[in-house]
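S.K.: In my numbering, each residue's number is its place in the sequence shown (first place is 1) plus 17. All C-beta atoms, glycine included, are put in the ideal place defined by N, C-alpha and C. In this text, all values refer to a predicted model and were calculated from it rather than measured experimentally. First the structure, then my questions, so here it is.
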Amino acid sequence: YGPIPDSGGQSGGLMPREIALSAAGVYVSGTAPGAAPMGGMHLPGTSGGLQAAPAGGQADAFIARFSHDLTTLHQATYYGGPSHDDGWPIALAEDGVYIAGVSGSTTLAGLETGAYGDPPQPAGTGAAYVAKLSLDLTSALSASWISTGGWDMYPRTMAVDADGNVYVGGDGRNGLFDTNGAFQPARASSNFPDGFIVRLSADLSQVHRSTWLGGSGVERVDAIAWGENAIYVTGHTVSSNFPIAPDAAL
């Protein structure tokens, strides 16, 4: 796709947000304009994919898979339901590609096999999700909500560890699932967003644990990586009481 694509008179366009590489190709995720008259078709290469057209609302998430030299668009797909759906980070595993985001839809492909498939409450108010698609982008393997509703949850980063567990980091003010025994079971501030980290099984059938990370001010988690017996995150804080280990370098 060398020439600049024709927008068809539409002012909105694709919003790519994340990229990942594997032996299967180059994967790009983000948010695409929704169904007409809101947006219409802006994503090429969707024929044969999981979702060939926008499902409704102002936006859908999307994933596209390219050859390593970017000369071939192997496959693209929308991912969303009848309301507004955003796509943010992606992560790759040997048997699938993960995407996370926030959605106002009550139904998404793959939720029937995930840990939390029932519509988040309050229904239709936007919640954070994680989905796993086949590497060829033709099927949804699983999906799960990872927060309650409220539109104020933003998954921004993902990582997959050596055992296949999936970690999602971000920030928000809604509720998290399975925080019992976590480092920080509740938000430290009632007014401002805290960072969060969620750990799920490879097939998304279990949320192993969720934790908040923050102090009395605003926090966000922007990047996450796993190491031996530890998860590393980096981000932003304005809190003077952000939890810092006593032997930290700074």
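Could you give the uninterrupted runs of the beta strand (DSSP E) lying entirely in the stretch 104 to 152, keeping only those of 3 residues or more?
M.R.: The qualifying runs are 113 to 120 and 144 to 150.
S.K.: How many Å lie between Ile-248 and Thr-174 at the Cα?
M.R.: Counting from 1 along the sequence shown, the entry for residue 248 is found at position 231. Counting from 1 along the sequence shown, the entry for residue 174 is found at position 157. Their Cα atoms are separated by approximately 13 Å.
S.K.: Would Ala-144 be called buried (16 or more neighbouring beta carbons within 10 Å of its own) or exposed?
M.R.: To locate residue 144, count along the sequence shown from 1; it is residue 127. Ala-144 is buried by the Cβ-count criterion.
S.K.: Report the rounded CA-to-CA distance for Gly-19 versus Val-147, giving the unit in angstroms.
M.R.: Counting from 1 along the sequence shown, the entry for residue 19 is found at position 2. Counting from 1 along the sequence shown, the entry for residue 147 is found at position 130. Low local confidence applies: a pLDDT of 47 at Gly-19 is under 50, so the model's placement there is unreliable, and no value is given.
S.K.: What is the DSSP secondary structure of Leu-267, reduced to helix, strand or coil?
M.R.: One-based indexing of the sequence shown puts residue 267 at position 250. In the structure shown, Leu-267 sits in coil (DSSP, three-state: anything other than H, G, I, E or B).
S.K.: Measure the C-alpha to C-alpha separation of Gly-98 and Glu-111 and round it to an integer number of angstroms.
M.R.: Position 81 of the sequence shown, counted from the start, is the residue given in the question as residue 98. Position 94 of the sequence shown, counted from the start, is the residue given in the question as residue 111. Straight-line Cα distance between these residues: approximately 27 Å.
S.K.: Sort Asn-197, Gly-74, Val-235 and Ile-80 by Cα distance to Pro-33 and report the nearest one.
M.R.: For the purposes of this step, residue 33 is identified with residue 16 of the sequence shown, where counting begins at 1. Looking at the Cα atoms, Ile-80 is the closest of the given residues.
S.K.: Ends of the beta strand (DSSP E) at Arg-34?
M.R.: Residue mapping note: residue 34 aligns to position 17 of the sequence shown, counting from 1. Taken as a continuous stretch (DSSP letters only), the beta strand (DSSP E) holding Arg-34 covers 32 to 39.
S.K.: For Val-185, count neighbouring Cβ atoms within 10 angstroms of its own Cβ and tell me buried if that reaches 16, exposed if not.
M.R.: In the sequence shown, counting from the first residue as 1, residue 185 sits at position 168. Classification of Val-185: buried, given that the 10 Å Cβ count is 16 or more.
S.K.: Which value, in whole angstroms, describes the spacing of the CA atoms of Thr-89 and Gln-201?
M.R.: The count along the sequence shown starts at 1 and reaches residue 89 at position 72. The count along the sequence shown starts at 1 and reaches residue 201 at position 184. Those two C-alpha atoms are separated by around 45 Å.
S.K.: What does DSSP give as the partner residue(s) for Val-235 in the beta ladder?
M.R.: Looking up residue 235 in the sequence shown gives position 218. Note: Val-235 sits in no beta bridge, so no partner.
S.K.: Roughly how many angstroms lie between the CA atoms of Ile-261 and Gly-73, to the nearest whole one?
M.R.: What you label residue 261 is simply residue 244 of the sequence shown in a count that begins at 1. What you label residue 73 is simply residue 56 of the sequence shown in a count that begins at 1. Answer to the nearest angstrom: the Cα atoms are 44 Å apart.
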